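Visitor: I'd like to ask you about the structure that follows.
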Amino acid sequence: MRRPFIAGNWKMHKTTVEALELADGLKAALADVESMDLAVCPPASALGVVSDVLAGSNIMVGAQNMHWENSGAYTGEISPVMVRGLATCVIIGHSERREYFGETDATVNKKLKAALAHDLVPIVCIGESLEQNEAGETVSFVGGQIRGAFEGIPAVDAQRVVLAYEPIWAIGTGRTAMPEDADRTIREAIRDVLRDLYDNPTAEAIRVQYGGSVKPDNMADFIVMPEIDGALVGGASLKVEDFAGIVKNAAAALQK
Ligand code: 13P
């Protein structure tokens, strides 16, 4: 059984004061959730305050990005060692980083190896564009992203990776994938490829979140899908009531 995992990606939102307030609210609102893993990923500027607020709570803290080197002349970057002092998770290869900041499957692979070496929980994002989706290229494209991300990573480490399948056309648009379509893509483009790269136990152990316009009222439809193990939430992770609603609705749907 894969333990469900819901994470909030705050993107470039929240000053340190606002982040502290949101983290405080979530800590109280979600204190009784035991059936799943939870994380919030504030901007780097707020990692310190949020990790202080959430220390000892049931909510993990994640970074949204990091470099793969431990230190060096890389202006503006933060390293795995720095992240490790403040967070337990790290998002790698979000489509916004691939689109605006030149991330490639090769840099994702380097960052993933660094995250695993530093015992961080990596959340690796993959997903196709609208054009690729409409051209019927989803499975080959996402499958290629998986092969690129996991290049040279042994099965024992691969099992610690969390994937977030985020169709780019569903991010911030209010338009979600159909849960059945997302489920099929995860099966064909992710689990089948992982089975080919590794073996059945490894493919079945890796958790896959869905991301793209997840809200309190659609979370249940995704979480009940056999291949979907949680969510990576953008916009709806910025308000206590929305993120708490997502988590509670997921927990309730899984209990049925
Ligand atoms: P939205 O939930 O705002 O669509 O963002 C999804 C996302 O990109 C999470 O990483």
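For the sequence shown, position 150 (counting from the first letter as 1) is numbered 1214 according to the working numbering, and the numbering increases by one without interruption. Each residue gets a CB set at the ideal place from its N, CA and C atoms; glycine is no exception. As the structure is a computational prediction, the values presented were derived from the model and not from experiment.
Applying the 10 Å Cβ sphere with the 16-neighbour rule, what's the burial state of Ser1135?
Guide: Exposed, because fewer than 16 other Cβ atoms sit within 10 Å of the Cβ of Ser1135.
Visitor: Looking at C-alpha atoms only, which residue of Ser1143, Thr1249, Ser1115 is the closest neighbour of Glu1201?
Guide: Comparing Cα-Cα distances from Glu1201 to each of Ser1143, Thr1249, Ser1115, the minimum goes to Thr1249.
Visitor: Please identify the residue among His1131, Val1188, Gly1208, Ser1143 whose C-alpha is closest to the C-alpha of Gln1273.
Guide: Residue Val1188 is the option with its Cα nearest to Gln1273.
Visitor: For Gly1309, which residues of its own chain have a beta-carbon under 6 Å away from its beta-carbon, when the five flanking residues on both sides are left out?
Guide: Within the same chain, Gly1309 has close Cβ partners Pro1280.
Visitor: Does the distance from the C-beta atom of Leu1184 to that of Val1147 stay below 8 Å?
Guide: Cβ distance < 8 Å, so Leu1184 and Val1147 count as in contact.
Visitor: Looking at Asp1247: is its Cβ nearer than 8 Å to the Cβ of Arg1066?
Guide: Contact flag unset, no.
Visitor: I'd like to confirm the pairing. Which residues does DSSP put opposite Gly1126 in its beta bridges?
Guide: Answer is Cys1153, bridged to Gly1126.
Visitor: Taking only three categories from DSSP, how would you classify Gln1319?
Guide: Gln1319: helix per DSSP, three-state reduction.
Visitor: For Ser1277, is the beta carbon positioned less than 7 Å from some heavy atom of the ligand 13P?
Guide: The answer is yes for Ser1277.
Visitor: So Ala1083 packs on Cys1153, CB below 8 Å; how close in whole Å?
Guide: Contact doesn't hold; Cβ gap of about 16 Å is too wide.
Visitor: Please identify the residue among Val1206, Leu1302, Gln1196 whose C-alpha is closest to the C-alpha of Ala1228.
Guide: Of Val1206, Leu1302, Gln1196, the residue nearest in Cα terms is Val1206.
Visitor: Decide if Thr1079 is buried, meaning its Cβ has at least 16 other Cβ atoms within 10 Å, or exposed.
Guide: Looking at its Cβ environment, which holds fewer than 16 other Cβ atoms inside 10 Å, Thr1079 is exposed.
Visitor: For Asp1101, count neighbouring Cβ atoms within 10 angstroms of its own Cβ and tell me buried if that reaches 16, exposed if not.
Guide: Buried, because 16 or more other Cβ atoms sit within 10 Å of the Cβ of Asp1101.
Visitor: Measure the CB-CB distance between Asn1122 and Val1097 and report whether it falls below 8 Å.
Guide: Cβ distance < 8 Å, so Asn1122 and Val1097 count as in contact.
Visitor: For Gly1191, which residues of its own chain have a beta-carbon under 7 Å away from its beta-carbon, when the five flanking residues on both sides are left out?
Guide: Result list for Gly1191: Ser1159, Val1206, Tyr1229, Glu1230, Pro1231, Ile1232, in chain order.
Visitor: Any idea which residues DSSP pairs Ala1228 with across the strands?
Guide: Beta-bridge pairing links Ala1228 to Cys1189, Gln1273.
Visitor: Closest to Asn1197 by C-alpha separation, out of Ile1217, Met1242, Thr1168, Lys1175, would be which residue?
Guide: Closest by alpha carbon: Met1242.
Visitor: Return the CA-CA distance between Ala1269 and Asp1263, expressed in angstroms with no decimal places.
Guide: Going from the Cα of Ala1269 to the Cα of Asp1263 covers about 10 Å.
Visitor: Quick check: Ala1315 and Val1288, are their CB atoms within less than 8 Å of each other?
Guide: No. Outside cutoff.
Visitor: On the DSSP bridge list, what partners appear for Ile1070?
Guide: The partner list for Ile1070 (beta bridge, DSSP) reads Leu1102, Ala1295.
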